[in-house]
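Undergrad:
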Amino acid sequence: MPLVRYITAEGNEYEAEVPVGNTIMQGAVDNMIDGILGECGGAGACATCHCFVDTDWSDKTGEAGDSEQEMLEAIPGADERSRLSCQIEVTAELDGVVVHLPAAQF
Amino acid sequence: MHSDHAIIIGASHAGAQLATALRQQGWGGAITLIGDEPSPPYQRPPLSKEYLAGKRDAEHLLIRPAELYAKHDIQLRTGCRVIAIDRAAREVELGSGERLGYSKLGLCTGARVRPIEVPGAGLEGVCYLRTRADVERIRQRVTPGGKAVIVGGGYIGLETAASLRQLGMQVWVLEMMGRVLARVTAPPVSDFYRRYHEQQGVNLELNCQVQAFEGGARVERVQCLDGRCFDADLVVVGIGVIPNQELASETGLEVANGVVVDACGQTSDPDIVALGDCCQQPNPYAAAPIRLESVPSAMEQARCAAATLCGHPTPNTSLPWFWSDQYDLKLQIAGLNSHYDQVVLRGDPDSASFVAWYLKQGKLLAADCINRPKEFMVAKQLIGRGGEVDAEQLADEQVAPKALLADPTQ
Ligand SMILES: Cc1cc2nc3c(=O)[nH]c(=O)nc-3n(C[C@H](O)[C@H](O)[C@H](O)COP(=O)(O)OP(=O)(O)OC[C@H]3O[C@@H](n4cnc5c(N)ncnc54)[C@H](O)[C@@H]3O)c2cc1C
Ligand code: FES
Numbered sequence: 001m002p003l004v005r006y007i008t009a010e011g012n013e014y015e016a017e018v019p020v021g022n023t024i025m026q027g028a029v030d031n032m033i034d035g036i037l038g039e040c041g042g043a044g045a046c047a048t049c050h051c052f053v054d055t056d057w058s059d060k061t062g063e064a065g066d067s068e069q070e071m072l073e074a075i076p077g078a079d080e081r082s083r084l085s086c087q088i089e090v091t092a093e094l095d096g097v098v099v100h101l102p103a104a105q106f
Numbered sequence: 107m108h109s110d111h112a113i114i115i116g117a118s119h120a121g122a123q124l125a126t127a128l129r130q131q132g133w134g135g136a137i138t139l140i141g142d143e144p145s146p147p148y149q150r151p152p153l154s155k156e157y158l159a160g161k162r163d164a165e166h167l168l169i170r171p172a173e174l175y176a177k178h179d180i181q182l183r184t185g186c187r188v189i190a191i192d193r194a195a196r197e198v199e200l201g202s203g204e205r206l207g208y209s210k211l212g213l214c215t216g217a218r219v220r221p222i223e224v225p226g227a228g229l230e231g232v233c234y235l236r237t238r239a240d241v242e243r244i245r246q247r248v249t250p251g252g253k254a255v256i257v258g259g260g261y262i263g264l265e266t267a268a269s270l271r272q273l274g275m276q277v278w279v280l281e282m283m284g285r286v287l288a289r290v291t292a293p294p295v296s297d298f299y300r301r302y303h304e305q306q307g308v309n310l311e312l313n314c315q316v317q318a319f320e321g322g323a324r325v326e327r328v329q330c331l332d333g334r335c336f337d338a339d340l341v342v343v344g345i346g347v348i349p350n351q352e353l354a355s356e357t358g359l360e361v362a363n364g365v366v367v368d369a370c371g372q373t374s375d376p377d378i379v380a381l382g383d384c385c386q387q388p389n390p391y392a393a394a395p396i397r398l399e400s401v402p403s404a405m406e407q408a409r410c411a412a413a414t415l416c417g418h419p420t421p422n423t424s425l426p427w428f429w430s431d432q433y434d435l436k437l438q439i440a441g442l443n444s445h446y447d448q449v450v451l452r453g454d455p456d457s458a459s460f461v462a463w464y465l466k467q468g469k470l471l472a473a474d475c476i477n478r479p480k481e482f483m484v485a486k487q488l489i490g491r492g493g494e495v496d497a498e499q500l501a502d503e504q505v506a507p508k509a510l511l512a513d514p515t516q
């Protein structure tokens, strides 16, 4: 199973094995990793799963869709690394991916 | 009584979140999560959306993987019903007669569908939509070209209409009021949804009240008060829910429209919290205590109630929000719009991308954002800030959404 590494705003690191086909949001929620809420369960409606994809991995995680991009642009503290983690599906290629969690979700 | 045992009654959004939040906040004692449905906690919102439409399977409905509960030492008892709470003995009684002692109790019993009380309501083929089992029942009656009559033009009725339409059924929606979503949105939003559904081939019948269901072994027709009559192979009734508060009232806890709790989730018994669809709580965005039916609200209440049970009473101050997916329409609602005195539109409903802002005395209360994710994010922040807004700017597409956040006093 691919390994996802979550680094919190305080610098704590958590690792989780996430089945292929699940999302990075689900991986965090399933492993009770604080920092990602996922209030809409992955419907892309809430933006409480905001994360920063480590720049070494952004090629592999791909680009945000239109609606996601619009939400990201209005999240306080978001930058060009920002993604909604429920929109990133884990693949074998993403084994070892690093995502940074924001200090707060909005 | 038991020294350190949290029992949670109801294993859905509120209960599952309370159990895990208790662990996250350091609850060291035992946790038992009791639910009367056969499945581990699963998500309800997709039931009328992707799950009914066949775009998501049962495994991907689970709120958390089934193994997670044991891993965090949470005893999950599914298919198990609590029939009474004995507060004097601090015990709950299960349907089997077994009694379990608690030191803290979480009431997460949610709500049940409001039954329609007309002749023929018991006919086979008259369905409701609240649980996974309900969806399985509906699905058995789905046939391309078959006739589905939906009673109730609220969110659940309209989402169900969209999903059944996508499955190739002919669909009628019967709404008692003069417009769909009458209780929750302003007329321009209702009109937009009516037209959009009609464009998708749904037949919307307004001012239409059901008088009886007719048929032999199964439902065949829906008869309405004014004489309108519709053939039906399947009926789905979505006319609201009733909070499951009997356990609470029978044990002497205060109830109103839901179990009465304070801002921290506490009931009139300090060892018992209530949260989710079954409770009524004060909310900084509402004039009076309110019973909210939404997943985000249940989750936020769970985080606060868990802290409260762990000895750190934490008020829930979160901004209510909601969403609904129909066809390719993504509706996101921020805030509570009750008692608005002005509605301002941004964008043209005909483009299927617009916002209805709800104001009261120049302050923003709420926003319905249809395919407008950016405005939704901005609305959450604007309402949260509680500041005055400039209605002209809200309406003006030339003003970028983010610019609406600029402080007008600066
Ligand atoms: C079809 C549908 C679509 C929805 N769409 C959305 C949406 O898009 N966005 C949104 O925010 N919300 C949506 N909702 C609302 C949302 O699902 C509810 O707000 C949420 O489920 C509330 O969670 P809860 O845990 O409080 O209650 P419930 O989900 O009602 O769960 C309560 C559970 O407790 C069990 N129970 C009750 N009494 C007992 C007992 N005595 N012993 C044991 N178990 C008991 C019940 O069987 C049930 O499993 C939707 C709801 C439905 C039905
Ligand atoms: S979980 Fe809601 S947008 Fe990702």
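Keeping their order, the protein sequence lines are chains A and B. Here this note's numbering is used: the first residue of the first sequence is 1, the next is one more, and so on. Here this note's numbering is used: the first residue of the second sequence is 107, the next is one more, and so on. Backbone N, C-alpha and C define an ideal beta-carbon position, used for all residues, glycine too.
By DSSP's criteria, Thr23 of chain A is part of a beta bridge. Which residues make up the other side?
TA: Your numbering for residue 23 of chain A matches position 23 in the first sequence. Paired residue(s): A:Glu89.
Undergrad: Any C-beta of chain B sitting closer than 7 Å to the C-beta of Ser58 of chain A?
TA: On the first sequence, position 58 is the one that residue 58 of chain A refers to. Closer than 7 Å: no.
Undergrad: Let's test the definition: count the other Cβ atoms within 10 Å of the Cβ of Asp474 of chain B and tell me whether it reaches 16, buried, or not, exposed.
TA: In the second sequence, the residue the question calls residue 474 of chain B occupies position 368. Its Cβ being crowded by 16 or more others within 10 Å, Asp474 of chain B is buried.
Undergrad: Determine whether the Cβ of Glu10 of chain A lies closer than 7 Å to any Cβ atom of chain B.
TA: The residue given as residue 10 of chain A occupies position 10 in the first sequence. By this cut-off, Glu10 of chain A is not an interface position.
Undergrad: Taking the DSSP output, what are the residues bridged to Ile191 of chain B?
TA: Position 85 of the second sequence, counting from 1, holds the residue named residue 191 of chain B. In DSSP, Ile191 of chain B forms a bridge with B:Val198.
Undergrad: Can you find a C-beta in chain A that's less than 7 Å from the C-beta of Pro147 of chain B?
TA: Within the second sequence, the letter at position 41 stands for residue 147 of chain B. No, because no Cβ of chain A sits closer than 7 Å to the Cβ of Pro147 of chain B.
Undergrad: In three-state DSSP terms, what is Leu465 of chain B?
TA: Walking along the second sequence from the start, residue 465 of chain B turns up at place 359. In this structure, Leu465 of chain B counts as strand in the three-state DSSP scheme.
Undergrad: Apart from the five residues on each side of it in sequence, which residues of its chain come closer than 8 Å, Cβ to Cβ, to Ala190 of chain B?
TA: Within the second sequence, numbered from 1, the residue matching residue 190 of chain B stands at position 84. Answer for Ala190 of chain B: Val198, Glu199, Leu353, Glu356, Thr357, listed in chain order.
Undergrad: Once you ignore the five residues that flank His445 of chain B on each side, which residues in its own chain have a CB closer than 8 Å to its CB?
TA: For the purposes of this step, residue 445 of chain B is taken as the residue at position 339 of the second sequence. Here the set comprises Ala393, Lys466, Leu471.
Undergrad: Consult DSSP for Ser430 of chain B and reduce its assignment to one of helix, strand or coil.
TA: The residue labelled residue 430 of chain B in the question sits at position 324 within the second sequence. Here Ser430 of chain B sits in strand by DSSP.
Undergrad: Chain A partners of Leu174 of chain B, CB-CB under 7 Å?
TA: By 1-based counting over the second sequence, the position of residue 174 of chain B is 68. The answer, in chain order, is Asp30.
Undergrad: Determine the DSSP secondary structure at Lys177 of chain B, reduced to helix, strand or coil.
TA: Numbered from its first residue, the second sequence carries residue 177 of chain B at position 71. In the structure shown, Lys177 of chain B sits in a helix (DSSP, three-state: H, G or I).
Undergrad: Since Glu93 of chain A meets chain B, which of its residues come closer than 8 Å, beta carbon to beta carbon?
TA: Here residue 93 of chain A is taken as the residue at index 93 of the first sequence, counted from 1. By Cβ distance, chain B contributes nothing, its closest Cβ being about 21 Å from Glu93 of chain A, past 8 Å.
Undergrad: Which runs of the beta strand (DSSP E) spanning at least 3 residues fall entirely within the region 237 to 264 of chain B, listed in chain order?
TA: Complete beta strand (DSSP E) runs here, min 3: 253 to 257.
Undergrad: Out of curiosity, what's the CA-to-CA distance linking Ala338 of chain B and Asp240 of chain B?
TA: To locate residue 338 of chain B, count along the second sequence from 1; it is residue 232. To locate residue 240 of chain B, count along the second sequence from 1; it is residue 134. Approximately 18 Å, taken between the alpha carbons.
Undergrad: Compare the C-alpha of Asp496 of chain B against each of B:Ile476, B:Leu451, B:Ser459 and name the closest.
TA: As a working mapping, residue 496 of chain B is identified with position 390 in the second sequence. Closest option to Asp496 of chain B, Cα to Cα, is B:Leu451.
Undergrad: What residues from chain B crowd round Glu39 of chain A, counting only those whose CB sits closer than 7 Å?
TA: Your numbering for residue 39 of chain A matches position 39 in the first sequence. What Glu39 of chain A touches in chain B: Val401, Pro402, Met405.
Undergrad: Write down the C-beta distance between Arg334 of chain B and Glu311 of chain B rounded to the nearest angstrom, noting that I regard them as a contact closer than 8 Å.
TA: Taking the first residue of the second sequence as 1, we reach residue 334 of chain B at position 228. Taking the first residue of the second sequence as 1, we reach residue 311 of chain B at position 205. Going by Cβ atoms, the distance from Arg334 of chain B to Glu311 of chain B rounds to 6 Å, so yes, they are a contact pair.
Undergrad: Report whether the distance from the Cβ of Ala47 of chain A to the nearest heavy atom of ligand 2 is below 6 Å.
TA: Taking the first residue of the first sequence as position 1, residue 47 of chain A is located at position 47. Yes; taking the cut-off as 6 Å, the Cβ of Ala47 of chain A has a heavy atom of ligand 2 nearer than that.
Undergrad: Check whether chain B comes within 7 Å of Ser85 of chain A, counting only Cβ atoms and requiring the distance to be less than that.
TA: On the first sequence, position 85 is the one that residue 85 of chain A refers to. No, Ser85 of chain A does not count as interfacial toward chain B.
Undergrad: Please state whether DSSP places Gln386 of chain B in a helix, a strand or coil.
TA: Start at 1 with the first residue of the second sequence, and residue 386 of chain B comes out as number 280. The answer is strand: DSSP assigns Gln386 of chain B an E or B state.
Undergrad: Considering only residues of the same chain and omitting the five flanking positions on each side of Asp454 of chain B, which have a CB-CB separation below 8 Å?
TA: Taking the first residue of the second sequence as 1, we reach residue 454 of chain B at position 348. Within the same chain, Asp454 of chain B has close Cβ partners Phe460.
Undergrad: Examine chain A for any beta-carbon lying closer than 7 Å to the beta-carbon of Lys469 of chain B, and answer yes or no.
TA: In the second sequence, counting from the first residue as 1, residue 469 of chain B sits at position 363. So, not an interface residue.
Undergrad: Determine the chain B residues that contact Met71 of chain A at a beta-carbon separation under 8 Å, and present them in chain order.
TA: Counting from 1 along the first sequence, the entry for residue 71 of chain A is found at position 71. Going along chain B in sequence order, the residues near Met71 of chain A (Cβ under 8 Å) are Pro479, Lys480, Phe482, Met483.
Undergrad: Taking 6 Å as the cut-off, is the CB of Arg238 of chain B close to at least one heavy atom of ligand 1?
TA: On the second sequence, position 132 is the one that residue 238 of chain B refers to. Incorrect: Arg238 of chain B has no Cβ contact closer than 6 Å to ligand 1.
Undergrad: Taking buried to mean at least 16 other C-beta atoms within 10 Å of its own C-beta, is Gly185 of chain B buried or exposed?
TA: Taking the second sequence and counting its residues from 1, the one referred to as residue 185 of chain B is at position 79. Classification of Gly185 of chain B: exposed, given that the 10 Å Cβ count is below 16.
Undergrad: Applying the 10 Å Cβ sphere with the 16-neighbour rule, what's the burial state of Asn363 of chain B?
TA: On the second sequence, residue 363 of chain B is found 257 positions in, with the first residue counted as 1. Exposed is the call here.
Undergrad: For Asp383 of chain B, does the count of other Cβ atoms within 10 angstroms reach 16, so buried, or fall short, so exposed?
TA: Taking the first residue of the second sequence as position 1, residue 383 of chain B is located at position 277. It counts as buried.
Undergrad: Find the residues of chain B that neighbour Cys46 of chain A, judging by a C-beta separation of less than 7 Å, and give them in chain order.
TA: Counting from 1 along the first sequence, the entry for residue 46 of chain A is found at position 46. Within chain B, the residues near Cys46 of chain A are Pro402.
Undergrad: Given Ala411 of chain B, which residues of its chain have a CB within under 7 Å of its CB, disregarding the five upstream and five downstream residues?
TA: By one-based count along the second sequence, residue 411 of chain B stands at place 305. Leu124, Gly212, Gly371, Val379, Leu381.
Undergrad: Take Gly38 of chain A and list the residues in its own chain whose beta-carbon comes closer than 7 Å to its own, dropping the five residues that flank it on each side.
TA: Start at 1 with the first residue of the first sequence, and residue 38 of chain A comes out as number 38. So the list reads Met25, Val29, Thr48, Cys49, Cys86, once near-sequence residues are dropped.
Undergrad: Please report the straight-line C-alpha distance between Gln438 of chain B and Pro479 of chain B, rounded to a whole angstrom.
TA: As a working mapping, residue 438 of chain B is identified with position 332 in the second sequence. As a working mapping, residue 479 of chain B is identified with position 373 in the second sequence. So the alpha carbons of these two residues sit roughly 7 Å apart.
Undergrad: Between Met107 of chain B and chain A, is there a C-beta pair that is closer than 7 Å?
TA: Taking the first residue of the second sequence as position 1, residue 107 of chain B is located at position 1. Bear in mind that the predicted position of Met107 of chain B carries a pLDDT of just 41, short of 50, making it too unreliable to give a figure here.
Undergrad: For Ala43 of chain A and Ala195 of chain B, I'd like the C-alpha separation in whole angstroms.
TA: In the first sequence, the residue the question calls residue 43 of chain A occupies position 43. In the second sequence, the residue the question calls residue 195 of chain B occupies position 89. Cα-Cα distance, rounded: 43 Å.
Undergrad: Which same chain residues, not among the five before or five after Gly78 of chain A, have their C-beta less than 7 Å away from its C-beta?
TA: One-based indexing of the first sequence puts residue 78 of chain A at position 78. Just to set this straight, residue 78 of chain A is Ala in the shown sequence, not Gly. Counting only Cβ-Cβ distances below 7 Å, and skipping sequence neighbours, we find His50, Leu72.
Undergrad: Can you find the residues in the same chain that come closer than 8 Å, C-beta to C-beta, to Arg327 of chain B, ignoring five residues on each side of it along the sequence?
TA: Counting from one through the second sequence, the residue named residue 327 of chain B turns up at place 221. These residues qualify, in order along the chain: Phe319, Glu320, Gly321, Cys335, Phe336, Asp337, Ala338.
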